[in-house]
Each structure stands twice: as C-alpha cells, then as structure tokens.
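Report on the following structure.
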Amino acid sequence: MKKWLQYFSVLACAFLCFLCIVGFSSAAPLQDAHPPIHIKNNGATPNYQNGFAPAQIKKMYGLDRLSSTYTGAGQTIAIIDAYGSPTIVNDLQVFNTQFGLPPADLTIAYPNGKPSKTDGGWALETSLDVEWAHAVAPQAKILLVVAKSATLSNLLAAVDYATSHGAQVVSNSWGGSEFSSEASYDSHFQRSGVVYVASSGDNGSGMSWPASSPYVLSVGGTTLNADSTGSYVSESGWSGSGGGASSYESRPSYEDIWQTVVGSHRGSPDVSWDADPNTGVAVYDSTSYSGQKGWFQVGGTSFGAPCWSAMIALADQGRSTPLTNYKAIANLYSIAGATGSSGYTNDYHDISTGSNGGYSAQAGYDLVTGIGSPKADLLIPALNISK
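Numbering (numbering that gives the first Met the number 0), first residue to last: 0 to 386.
Okay, structure coming up:
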C-alpha cells in the first residue's frame, strides 16, 4: 500500500554554528552542529512532482543544449558531508529510476571512521548533494566523503581525503561565520588540478567560510521562475543568499574589475543557482527527518554547490589539464568580463533584482548573486577551452 506522507518544502543548507567564533585559531575539534533546515508545510501530497525535476533544471540552465558528449565521464566529484546517510545507496537508486538517470558510480569513504549516530538533517543534505551532482554529470564518479562529525577538524579531514583520492572537484555544502585566522586554513583548498566549491550561506547578507576563501568558488542563491512549458523566464536574488565582503580575506585579483562593489576584501558569492525552497527541487530521502521520509522539495544554496561542481566536471572532461581552484574562478570572471560585454550576455544570466537584506542585486556583479547564474550550453564550452 502506498504510504502517504505529509509533504514538506525544505530549506537545506548545512551552515554550521561551529564556526561562529570570532578569533578561532585552533584546529581542535568543536562541538557538533546540525544544518539549520527550515520546514514549510504546504499541505500537498509528497511525490516526485514536488519541486523541479532534473530535466526541468537542465532545460532552464541550458544543460540540455550541451553536446551529448558532456557527461562527466572520467571525472570524480567529491561530496563532503558530515554523518552521511545510511540510506543513500537506495535513495539514489529510487531517484535515478524515477527520473530515468543511469546507475551512479558511487563510492563512500569514512576517513576518520564511521559516525556513531545518524543525523536526519545531514542525511537529507547528503541525498540532495549526491542525487543532483549525478543528475548534472551522470557519468562522473561520485566520491561521498563522510566526516565523522560536524567539527571543523573532521570536515577538513574529509576535504583533504577527497583532494588526495583523485577528485577533480570538491563540493562543500557547509560553512559558518568568518574567523580571524581563516586564511591560515585556506591551504586545504589549494591543491593544483582541483576546484573547490562551497555554498555562500542561507542567512542573507553576511560572509561565511570556506566560501569566503579566494580559492573556493562561492555559490549564492536565486528564485528561479519558469513558464508553463518549463522554459527559463527570469531569476531574482533570493532573500537568504549569503553575500558580502570578507572581514579577513583580501580581494583576489580576479575581483579587481569589481573593486567598486567589493572594496579591498574578497567579495562573495562568485556565481549563483536556484535556492529558494519555493522554487526548489525534488529530493528522495528515506532516512527519517522530523518524522518524515520520502520525497522532499528542497532549497538553499547547498543545492547550487553540487550542481556547479558537476558543471566543473563537465568542463574538465575535454580538457588536457583540469581546472585549478583560483585560476578556475578567475576564468569564470574573465569569461564574463564587464557588465554588458558579449561574454556576460552570452554565458550568464545577469540577475538585477532581489535582495538578501543587506545588499541588492544589480546589473553586473553584486553581493547577492555574484556574476549570475549559468547559460551552461555556452559557459561550459568556454570553460573547456579556457587556459
């Protein structure tokens, strides 16, 4: 008998309070923290039709117009999550079957040992990250690296494991408030031939680390609007999109063109992606979260991190040498150029409406949506040939 569950729209982004410590200068383990998942009950019956499906997201961002050779074959996308999910293998199979995706090449690693507990919020985050990275780059290998807990030391150990085990891109749907010694930890994101991606945050204006690192591609959030045919209509800056200027990281050279916006410090986000839970996506998770399981509609900037990671994998597929952290981000800015340039107009959706409470979206780069969201059919080939 089909089990009917109360439907929830879920805002899932693992922005952890363990970094909310100004002046933190130690790598000592910190207390566990849970992703602040905000649940909205809209009274609907849960099924795969709640939230955008992979084909819809691909259509709106131009992924469906890419050559069929762009599959992610030969690439490895690492997903960093604390606690993981005991049901992720089955959940991914259900997701793939529902949406006609091929079986995934999924490996799960526990660099510091298996977690001693299951956390429903992190399990949902794990399903979101793995399912959607696979949806965008279906032939890429997925390396799920599970941190034993949500402490800084365990999460960075997971990042280091991914870096040393063949990942070309590392997706991080976690972060927290900046701290004065954060630049000394940026070395975890500087491996040559690896691109690191992180969510910018779900609490509106303000910076988070590691998204504030100049070596990490920071992904902000939008509200994505489609017409009745599922085609792209518009985007606006999402109210929860993290963004601002860093208190501790200097402006990287790739942001010099936007000095009037970011000032003398690192600006975030760099790019953006759908994040509003009201325009969220379908995720299957059979681990109980707040007494519920099954299909969820999920939003948050943590949706953008695995999807941008998968796009980097697509771009890397045909390159003789893989993209590298700082240079890859610089390439994204260089491809865009100045406001109104052909690169900006051709390769990005320039989002000029919406606010995150402290900043407003505007023409060109802004501290809500960054450069903008991708026109993937043009941006990925441009990245593929970039130097």
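Beta carbons are placed, not taken as given, at the ideal position from N, Cα and C, and that holds for glycine. These numbers were taken from a predicted model, which means no experiment stands behind them.
*Below 8 angstroms CB to CB, which residues in the same chain sit around Lys292 once its five sequence neighbours on both sides are set aside?*
Excluding residues within five positions, the ones whose Cβ falls inside 8 angstroms are Leu4, Asp284, Ser285 and Thr286.
*Kindly say whether Ala329, judged by its beta-carbon, lies nearer than 8 angstroms to any beta-carbon of chain B.*
Of the protein chains in the structure, only one exists, and it is not chain B.
*Tell me whether Glu391 sits in a helix, a strand or coil according to DSSP, three-state version.*
The displayed coordinates of the chain run from 0 to 386. Any statement about residue 391 would go beyond what the structure contains.
_Backbone CA spacing between Lys113 and Lys147 [nearest angstrom]_ = 6 angstroms
*asked:* So, does the stretch 373-381 touch the stretch 345-353, judging by three or more C-beta pairs under 8 angstroms?
replied: Judged by pairs of C-beta atoms under 8 angstroms, the stretch 373-381 touches the stretch 345-353, as three or more such pairs exist.
*Grab the span of the beta strand (DSSP E) containing Gln291 for me, first residue to last.*
Gln291 to Gly298
*Three-state class that DSSP yields for Trp131 in the structure shown*: helix
*Could you give the C-beta distance for Tyr82 and Thr106, rounded to a whole number, given that I count them as a contact under 8 angstroms?*
Contact annotation, Tyr82 with Thr106: C-beta distance approximately 17 angstroms; criterion of less than 8 angstroms not satisfied.
*Pick helix, strand or coil for Lys57, following the three-state DSSP scheme.*
helix
*Exposure of Met139, with buried meaning 16 or more beta-carbon neighbours within 10 Å*: For the record, residue 139 in the displayed sequence is Ala; it is not Met. Per the 10 Å Cβ criterion, buried.
*Thinking just about the alpha-carbon of each residue, which of Ile311, Gln74, Leu216 and Ser249 is nearest to the one in Thr368?*
Leu216
*According to DSSP, what are the bridge partners of Ile334?*
According to DSSP, Ile334 bridges with nothing at all.
*Kindly indicate the opening and closing residues of the beta strand (DSSP E) around Asp284.*
Val280 to Tyr288
_Here's the rule I'm using: 16 or more other beta-carbon atoms within 10 Å means buried, otherwise exposed. How should Ala362 be labelled?_
exposed
_Rounding to the nearest angstrom, what Cα-Cα distance links Ser385 and Gly317 in this structure?_
11 angstroms
*Check Tyr165 in the structure and name its three-state DSSP category.*
Rather than Tyr, the amino acid found at residue 165 in this sequence is Gly. Three-state DSSP puts Gly165 in coil, outside helix and strand.
*Kindly identify the DSSP beta-bridge partner or partners of Phe188.*
None, per the DSSP bridge assignment.
*Say whether the stretch 250-263 touches the stretch 304-317, bearing in mind that this needs 3 or more beta-carbon pairs closer than 8 angstroms, one atom from each stretch.*
no
*What's the C-alpha gap between Asp273 and Leu322?*
Between Asp273 and Leu322, the C-alpha separation is close to 24 angstroms.
_Span of the alpha helix (DSSP H) around Trp307_ = For Trp307, the enclosing alpha helix (DSSP H) covers residues Gly303 to Gln316.
_Anticipated Cβ contact below 8 angstroms, Gly220 with Gly357, distance rounded_ = In fact, because the Cβ distance is near 14 angstroms, the residues do not count as touching under 8 angstroms.
*In angstroms, rounded to a whole number, what distance separates the CA positions of Ala327 and Ser372?*
16 angstroms
_My output table needs one value for Ser372: the three-state DSSP class, helix, strand or coil._
strand
*Drop a sphere of 10 angstroms on the beta-carbon of Pro209, count the other beta-carbons inside from all chains shown, and report buried for 16 or more, exposed for fewer.*
buried
*asked:* Between which residues of its own chain and Pro53 is the CB-CB distance below 6 angstroms, once the five residues before and five after are set aside?
replied: Phe98 and Ala134
*Provide the residue(s) that pair with Phe51 in DSSP beta bridges, ordered along the chain.*
Val280
*Give the DSSP-derived three-state secondary structure of Gly357 in the structure shown.*
Gly357 falls in the coil class under three-state DSSP.
_If I follow the unbroken beta strand (DSSP E) through Leu216, where does it start and stop?_
Val215 to Ala225
_Paired residues, beta bridge with Trp208 - DSSP_ = Gly175
*Starting from Thr395, trace the alpha helix (DSSP H) both ways and give me its first and last residue.*
Residue numbering for the chain in the displayed model covers 0 to 386; residue 395 lies beyond these limits and cannot be assessed.
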